[in-house]
Amino acid sequence: MTFLGSTMTNASHQGGFAGAASGAEARSGLESESPAAADGPILSVKGLGVRYPLGKRSFWGERTYFEVLDDVSFEIARGETLGLVGESGSGKSTIGRTILRRIERTAGTITFEGRDISDLGGEPLRKLRRRMQLIFQDPYSSLNPRMNVMSIIAEPLVVHGIVGSFAEARPQVLALLDRVGMPASAAERYPHQFSGGQRQRIGIARALALKPSFIVADEPVSALDVSVRAQVVNLMQELQEELGISFLFIAHDLSVVRHISQRVAILNSGQIVEIGARDAIYERPLHPYTQTLLSAVPEPDPTIKLARQDRKRAGGPVPDATGTGCRFLGRCPLASDVCREKKPVLEPKGVDHWVACWNA
Amino acid sequence: MSAVAEDDLLVIDDLHVQFDTRAGVIHGLRGLSLTVARGETLGIVGESGSGKSVMAQSVMGLIDTPGEIVRGDIRFKGRSLLGPKGRSYGRKIRGRELAMIFQNPMTSLNPLMTIGAQIEEVIVHHLGKSAREARQRALELLDLVGITSPVSRLSQLPHELSGGMKQRIIIAMAIACEPELLIADEPTTALDVTVQAQILELINDIQKAMNLSIILITHDLGVVAQSCHRVMVMYAGKEMEEAPVGQLFSRPAHYYTAGLLRSTPRLRDSSDRLFSIDGAPPSLIDPPTGCPFFDRCEARTEECRMDPPAVTTGNQAKAMCWHV
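Chains as they are written, first to last, in this note's numbering: chain A, 1 to 360; chain B, 361 to 684.
Structure below.
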């Protein structure tokens, strides 16, 4: 903590004047720090909460809030992929962006590479952004149509002062393009000249440019066709093996997550309901929500008929002012009185298998 | 001719559709033929750009400049939908005997009209019912598509409903006039898995109840396996293979179909690597002659540069390949 405090005051002194030289210093500072934390998880999130104000009932009334994330805790080990699964509105993307400090949390701590980054700001935060990158869902809208591929990939290098100019970045950009399976000739071309899969490769190359140790991949293959999706999933796995990058892989597609993740977390209405080793979750799902999700996936095999369990109507996430009770209550086949009164907490149910349910 | 019309509700014969764009002429469909029998669900599978939506738009008369149907025929109940006579026939049956639901339920409803007004409009316009009769029918329809408390729903606006709910409303509007053929273009793609399962179940139920013919367009092989009788696989504006659903999944004849099946991730499979087909679909501006899958196919030979034959691979099954 003292270390953290000192860098923060340091940054406030330097402010916007920080040039490339101080950038190099801070980077070496980060690197010298990492061996100490090398054994621990790369990312640890504890009690993370995000809420948005909903307004007041009356002028003197109490303000109510919509709890987007409620007490979310998990860890990601070095070189590991954690798959984060949930339906739309469950808060998957919010988790990713809160970790990257793009959305401000209202509770909890985020520890990255052994260092509390929850309240980092200014220059230290900017330095930190090199270490953690984001791959977006939609390759059609996440690349600037008026920049060529060369500039798109070189931009983070220039912005962070790693190279002096776009021209200087050329060798690195070509190496990155080669790494993601794109020809060097792609550098001079523009995003609209590429297919969805190729654009996603460009997005991955951009994310890799700063040599991050952690990447949040927010539905990176959802917009892609089947045959291309497999190529991109495999590319991400190769990169992980080669570069040891840790991933938070956000998806709603349970089949893809099974292939790419070592561990899986299931999110419902802003709460993690089940988390653990991949095969434990898929072969022995214990939370009724996980079971519902798995039973709803249509298998590409006509001999396996859909035996879905979700007989109750799905409702959207309900704004919960009091925060009591289980958020899956309305849809749960196992619901009982205790579920209404007390919020379930994650409890161990096996080797690396945690479930938040009173009745599982 | 009349005997054919009895079984096959819809016949598409050697359809060619082109789009004249600034970049060049895009060959959206290159000689597509298909038939849909009464009471059958035909799945159309293909990646983006394979021409599945162009096919649907052609049937619905939605191909507009710069698009053009340059060759071929579309017949509904034995009568052509093309040409001047066909166009007026088409206007008569579309929305009534021929209905379509679109992919995105968020944008298919008018945000400024209540649910009730939108459903009733369809009924009044196509069936010439009175406002009171239309309201009664709208309530029946909402009940049919599994919407709770239909009376209060009628006065709600689209933004008050969830995605699955909206898709149910759109299905209700599509079946309002008891169509004989329903074209569903990616009806569940924008929905969550649990909601998707509900909507697929609903479509299956309605199909049985109304003896409807359905063309279900999707890129999701799981959806096809769960709800279709017969499947056609499309690629680069052409048909690659068609077969009854069981056969297609157990014994795919075309190398493209086999590749698609192998690269589809499965829930029950924990292997770490996915099979992937290298390369990408060809450009439709200057499509290659011969088999469109040539560049990516593991079994390609010199003769594949010529148009492949349609090889019969079973009852109602064929594959366009030299190496079946």
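C-beta: ideal position from N, C-alpha, C; glycine also.
Within the stretch 246-309 of chain A, complete beta strand (DSSP E) segments of at least 3 residues are found at 246-251, 263-268 and 271-277, given in chain order. Per DSSP, the beta-bridge partners of Glu602/B are Met592/B and Lys678/B.
Note on Met466/B: under 16 other CB atoms within 10 angstroms of its CB, so exposed under the neighbour-count rule. Inclusion of Asn359/A and Leu634/B in the CB contact set at 8 Å is not warranted, their separation being larger than that value. Secondary structure at Gly450/B: helix, using DSSP grouped into helix, strand and coil. Taking Thr401/B as the centre and dropping the five residues before and after it, the same chain places the C-beta of Gln567, Ile574, Leu576, Ser587, Cys588 and His589 closer than 7 Å to its C-beta, in chain order.
Ser142/A has a beta carbon lying at 8 Å or more from every beta carbon in chain B. Around the CB of Gln137/A, 16 or more other CB atoms lie within 10 Å, so the residue is classed as buried. For Gln496/B, the enclosing alpha helix (DSSP H) covers residues Ala491 to Leu504. Neighbourhood of Tyr282/A in chain B, by CB distance below 9 Å: Leu627, Arg628 and Ser630, in chain order. Assigned with DSSP and collapsed to three states, Val377/B falls in strand. Secondary structure of Asp655/B (DSSP, three-state): helix. Under the 8 Å criterion on CB atoms, Gly330/A is classed as non-interfacial with respect to chain B. Distance from Ala207/A to Gln133/A at the Cβ level is roughly 4 Å; contact confirmed, criterion being Cβ atoms closer than 8 Å.
For Ser88/A, the residues of chain B that pass the 7 Å Cβ criterion are Asp552, in the order they occur in the chain. DSSP places Gly196/A inside the alpha helix (DSSP H), whose first and last residues are Gly196 to Leu208.
Bounds of any beta strand (DSSP E) do not take in Pro669/B, whose DSSP letter is neither H nor E. Among the residues of the stretch 659-684 of chain B, none has a Cβ less than 9 Å away from any Cβ of chain A. Those residues of the stretch 232-257 of chain A placed with their C-beta closer than 8 Å to a C-beta in chain B are Val233, Asn234, Gln237, His252, Asp253, Leu254, Ser255 and Val256, ordered along the chain.
Counting other Cβ atoms within 10 Å of its Cβ, Asp545/B reaches 16 or more and is therefore classed as buried. The three-state secondary structure of Lys92/A, taken from DSSP, is helix. The criterion of a C-beta distance shorter than 8 Å is satisfied by Thr554/B and Leu293/A. The stretch 555-566 of chain B makes no contact with the stretch 477-489 of chain B, as fewer than three CB pairs between them are under 8 Å.
Put simply, the CB of Gln463/B is far from chain A, with every gap to its CB atoms at 8 Å or more. The beta carbon of Gly96/A sits closer than 8 Å to the beta carbons of Leu84, Leu134, Val216, Asp218, Leu248 and Ile250 from its chain, once the five residues preceding and following it are set aside; these are given in chain order. The stretch 428-439 of chain B and the stretch 368-387 of chain B touch, with no fewer than 3 CB-CB distances between them shorter than 8 Å. The beta carbon of Ser44/A sits closer than 7 Å to those of Glu75 and Thr111, all from its chain and outside the five residues before and after it, given in chain order. Nearest neighbour of Gly91/A by Cα position, chosen from Ile42/A, Tyr190/A, Val50/A and Glu80/A, turns out to be Val50/A.
Taking 8 Å as the upper bound for CB-CB distance, Leu541/B and Leu458/B are in contact here, some 5 Å apart.
Burial state of Lys342/A is exposed, judged by a 10 Å Cβ sphere holding fewer than 16 other Cβ atoms.
Exposed is the label assigned to Phe59/A, since fewer than 16 other Cβ atoms lie within 10 Å of its Cβ. In the three-state reduction of the DSSP assignment, Gly330/A falls in the helix class.
For Asn268/A, the number of other beta carbons within 10 angstroms of its own is at least 16, and it is reported as buried.
Secondary structure of Phe66/A (DSSP, three-state): strand. For His387/B, the uninterrupted beta strand (DSSP E) segment begins and ends at Gly384 to Ala397. Excluding its 5 nearest sequence neighbours in each direction, Val396/B has C-beta neighbours in its own chain below 7 Å: Asp368, Leu369, Leu370, Leu402, Leu541, Ser573 and Ile575, listed in chain order.
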